[in-house]
Structures are given as C-alpha cells and as structure tokens.
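A.B. asks: Here it is, the structure, as structure tokens.
Number of protein chains: 2
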Amino acid sequence: MPKRADLSATFCPVGRSAELLGDRAVLLILRDLFFGNRRFDVIAANTGLGPQLVSARLKLLESEGVVERRAYQERPVRYEYWLTDKGKDLFDVLYAMRGWAERWAYRDGETDGGPAMRYIHRACGADVGTAVVCPGCGEPLGYGDLKGEPSAALKAEQARRAG
Amino acid sequence: MPKRADLSATFCPVGRSAELLGDRAVLLILRDLFFGNRRFDVIAANTGLGPQLVSARLKLLESEGVVERRAYQERPVRYEYWLTDKGKDLFDVLYAMRGWAERWAYRDGETDGGPAMRYIHRACGADVGTAVVCPGCGEPLGYGDLKGEPSAALKAEQARRAG
DNA sequence: GATAGTAACTATGATAATCATAGTGGCAAG
DNA sequence: CTTGCCACTATGATTATCATAGTTACTATC
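These protein sequences, in sequence, are chains A and B. Each residue of the first sequence is one higher than the one before, counting from 139 in our numbering. Each residue of the second sequence is one higher than the one before, counting from 139 in our numbering.
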C-alpha cells in the first residue's frame, strides 16, 4: 500500500470516525477493551492479531486519547490499557455494529436459539435485544447500563482463544 | 499485506461486523450511499478513493447483500448502486460514528458554531443533536426518520470534491 | 464520419501495511 | 541458574493500496 490517504482533514464526521474506526484491528481491540480485557497478551490472543499490530494500534489509540496506559505494577513495570471517556463513548458504535450483526450476519441454526451476545438492562433487568432504547422501561441505553452475556458458542470460542 | 485474517468464522457479532466495516473505503462508500450518491464516478470523487478500490468494494458490498446494482439506462448500460434493507440497517452504525465524531473529533472553532452535520427529526421538526432518541418527542431515531443538513463548511468541501 | 465527451470501469507499477514467526529485556520463583 | 511470565520489538515474505493512465461502449457535436 501507499501511505493511506489522510481523512482527518475532512469536515465530514463519518470520515473523521472512519479514519480511526475503519480498521479491523482497531475495532477488535476496542471490542476487547469493552469486554474488560486490558492486558497486552490477552488482547493479542483474543483478537488473533499479531503483537506488532496490537502494539501499533494501542499506540495509535493512546495518541488519539481513546485509550490510557496505566502501570499496574512496578518491578517489572507492566501496563494495562484503559478506555478514556472519549473511548467509552465509542460504545454506541460497537453496540450498533453488534446489533446489525445479530440481525443479519448469522445463518439459521448458527446460534443456539438466542443472540450471540445477550444484553440485560441493569436498571430493570429486561433483555434489550438489539434495541437502543430499553424495551422494558423505555430508557436510552449507553455504556454501563448494560450487562453482556455471551452465548455458549461464543464462550467456547473465547475459551479456545485464551487457551 | 498478507492475506487479511478471516473473521467471518468468529461467533462474536462485533467481529463479524468488523470484517466488513473495519475498512475505511467501505465506510466512506456507505456514507456516500446514505447521502444519496449512487453513481460510480460521484462516489469515487466524493470519497477521494481510486476507481479500482471503489470497484472492488462495491463488488464486495454487493456480494454481501448490502448493495444492489441496478441499470438505470440501456445503450450504453449504466449502473447505480442502491442500499438493500440489510444495507439501510447499517444506518445506526454510521449515525453512531457521526455522533461520536461530532462530540470528540472537532477542535473549537473548526465548525461554524453548530455540528458538521445537523439532523432534524422529520416527524416533529426537532434538531436531534447526537441523540438516538428524539429530544423533542421521545421517539427512537432510525433510517428515514431524519433529514440531514451539512454545515456551510461541509457543503463547501463537498462542492470542491465534485468540481 | 471523424472528433470530442460521458460513465463505468480495468491495467500497471511503486509503496507500505500486514502476517507469521522468532527473539529480546526485565524480573521473580524454584 | 534455569525456567517462566509479560510486554513488547525485529525480520522477511506477501499483498492491498494509491496515483495515473488506458479501455469500452456508446451519444452528441462539428
């Protein structure tokens, strides 16, 4: 590839987002961060990405202010990666991607009846399906309002990757 | 690059979406399609992508059932690209990306006071800001419910690209 | 009827991002 | 003092991307 064209100059908001989010590695790493995986090796294993790519993307995300590197121990110094407020605010995007995939990206019989990832509204306990507004209580759904539960098939896959 | 790793095998819904959406060119083309640009050359000019990339991605989107190619004239045969239902359902993702960028991706003074792209709820006329539920009437917002109006700066940029 | 124009692509070659695999540095535990 | 853990960096083959130019199939103008 040549140097990838720079979109940060555009005034279009989708273009600006695409500059960061139009990258498979970035999306997968963000997914893991939202899932609560904060360690380098865990992210690398679970995304299936090589360490070089993970390293490059985490640096990028940090420079964009989406991710923050925190030492969780000295001697030897070890780091974890945490989402900043700007990063947490990307939840809506990932949640929309998940909703679309649940509706369109699975063949019949591929999931065990339900969605690949089930979300429960913490406030009222309702299964929200793929809605952006809780079907139980009508509240808008954002980061922190939801509790995710992977299906059996997804759990098995994650266990396989970690192992 | 080597052959890009295949994510379509994963059970994770974000992974499946990322397989298609984790690509700058795909996102930009989708943006244009939602904007109502359906002609090859218009899309190429407005996205700034080379014709080869546009061609490859439109073929991909068509094979994924997101886009449909329709002849709008015979002799010579000319095609337009239309979003399918599966494609239109991606609106939530692009809208979430736009919302995030409006909140985080502009420096002060870069936009002329308002957002780069303003959305009005057709049903009640309210400016929805970056909300997923109309702040005026409380209805959830989806594709077709909104009317977009680019800011002066964004309009100027689009005119420049088209010219 | 030769030339110019339009729309939707395809062809070519240089560049650089990606993957797989292996290796490094700092430290603790056995 | 060897093994293991964790967070990376280094290397080399592969291939996607960009910029630019060219092609195809017509219609319209001179």
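For glycine and all other residues, C-beta sits at the position ideal for the given N, C-alpha and C. Everything numeric in this text was worked out from a predicted model, so none of it was measured.
Of the residues that make up the region 231-246 of chain A, which ones have a beta carbon closer than 9 Å to any beta carbon in chain B?
C.D. replies: Hits within the stretch, in order: V231, L232, Y233, A234, M235, R236, G237, W238, A239, E240, R241, W242, A243, Y244.
A.B. asks: Under 8 Å, CB to CB, which of the residues in the region 149-176 of chain A have a partner in chain B?
C.D. replies: The region 149-176 of chain A vs chain B, Cβ under 8 Å: F149, C150, P151, V152, G153, R154, S155, A156, E157, L159, G160, D161, R162, A163, V164, L165, L166, R169.
A.B. asks: Just verifying my parser: in three-state terms, what is the DSSP assignment at A/G153?
C.D. replies: Helix, per DSSP.
A.B. asks: So for B/L221, helix, strand or coil by DSSP?
C.D. replies: Here B/L221 sits in strand by DSSP.
A.B. asks: Tell me the residue span of the beta strand (DSSP E) that contains B/E206.
C.D. replies: That run of the beta strand (DSSP E) goes 205-211.
A.B. asks: Is it right to say A/G247 is buried, meaning 16 or more other beta carbons lie within 10 angstroms of its own, or is it exposed?
C.D. replies: Exposed, by the Cβ-count rule.
A.B. asks: Which same chain residues, not among the five before or five after A/I217, have their C-beta less than 8 Å away from its C-beta?
C.D. replies: The residue you asked about is not Ile; residue 217 of chain A is Tyr in the sequence shown. Counting only Cβ-Cβ distances below 8 Å, and skipping sequence neighbours, we find F178, R207, R208, A209, Y210.
A.B. asks: Return the residue from the list A/W220, A/A194, A/V192 that minimises the CA-CA distance to A/V205.
C.D. replies: Closest option to A/V205, Cα to Cα, is A/W220.
A.B. asks: So, for A/M139: in the same chain, excluding its five sequence neighbours on each side, which residues have a beta-carbon less than 8 Å away from its beta-carbon?
C.D. replies: With a pLDDT of 49 at A/M139, under the threshold of 50, the modelled position of that residue is not reliable, and the figure given next carries that caveat. Counting only Cβ-Cβ distances below 8 Å, and skipping sequence neighbours, we find nothing.
A.B. asks: Tell me the DSSP secondary structure of B/G247 in three-state form.
C.D. replies: Residue state, collapsed to three classes: coil.
A.B. asks: Here's the rule: buried if 16 or more other CB atoms are within 10 angstroms of the residue's CB, otherwise exposed. What is B/D273?
C.D. replies: The sequence given here places Pro at residue 273 of chain B; Asp does not occur at that position. When all chains shown are included, B/P273 counts as exposed.
A.B. asks: Could you tell me the alpha carbon to alpha carbon distance between A/G286 and A/R256, rounded to whole angstroms?
C.D. replies: Each residue's alpha carbon lies about 6 Å from the other.
A.B. asks: Roughly how many angstroms lie between the CA atoms of A/K293 and B/A291, to the nearest whole one?
C.D. replies: Answer to the nearest angstrom: the Cα atoms are 47 Å apart.
A.B. asks: Between the beta-carbon of B/L165 and the beta-carbon of A/G160, is there less than 8 Å?
C.D. replies: Closer than 8 Å, so yes.
A.B. asks: What residue range is occupied by the uninterrupted alpha helix (DSSP H) comprising A/Y233?
C.D. replies: Start and end: 229-242.
A.B. asks: Quick check on DSSP: helix, strand or coil for A/R177?
C.D. replies: It is coil, neither helix nor strand.
A.B. asks: When the distance is taken between beta carbons, is B/G186 closer than 8 Å to B/R299?
C.D. replies: Result yes, Cβ atoms of B/R299 and B/G186 sit closer than 8 Å.
A.B. asks: What residues of chain B sit near A/D227, judged by a beta carbon separation below 7 Å?
C.D. replies: Neighbours of A/D227 on chain B, chain order: W238, R241, W242.
A.B. asks: Please list the residues of the region 268-283 of chain A that have a C-beta atom closer than 7 Å to any C-beta atom in chain B, keeping them in chain order.
C.D. replies: Cβ contacts with chain B: V270, V271, P278.
A.B. asks: Whose Cβ in chain A lies nearer than 7 Å to the Cβ of B/A291?
C.D. replies: Near B/A291 (Cβ distances below 7 Å), the residues of chain A are F149.
A.B. asks: Where does the unbroken alpha helix (DSSP H) through B/P318 begin, and where does it stop?
C.D. replies: Because chain B in this structure spans residues 139 to 301, residue 318 of chain B falls outside the shown range and cannot be described.
A.B. asks: On the criterion of 16 or more Cβ atoms from any shown chain inside 10 Å, does B/R236 qualify as buried, or is it exposed?
C.D. replies: Looking at its Cβ environment, which holds 16 or more other Cβ atoms inside 10 Å, B/R236 is buried.
A.B. asks: Report yes if the CB atom of B/D230 is closer than 8 Å to the CB atom of A/A183, and no otherwise.
C.D. replies: Going by C-beta atoms, B/D230 is not nearer than 8 Å to A/A183.
A.B. asks: Taking its Cβ as the centre, do 16 or more other Cβ atoms sit within 10 Å of B/P189, making it buried, or is it exposed?
C.D. replies: Flag for B/P189 reads exposed.
A.B. asks: Residues of the region 197-228 of chain A in Cβ contact with chain B at a cutoff of 7 Å, in chain order, please.
C.D. replies: Going along the region 197-228 of chain A in chain order, one finds K224, D227, L228 with a Cβ nearer than 7 Å to chain B.
A.B. asks: Apart from the five residues just before and just after A/E240, which ones in its own chain have a Cβ nearer than 6 Å to its Cβ?
C.D. replies: P253, T268.
A.B. asks: Among the residues of its own chain, which have a CB less than 7 Å from the CB of B/L158, if the five just before and after it don't count?
C.D. replies: Here the set comprises V164, E202.
A.B. asks: With DSSP as the reference, label A/M139 as helix, strand or coil.
C.D. replies: Caution applies to A/M139, whose pLDDT of 49 falls short of 50 and renders its modelled position unreliable; the value that the coordinates give is listed next. Three-state DSSP puts A/M139 in coil, outside helix and strand.
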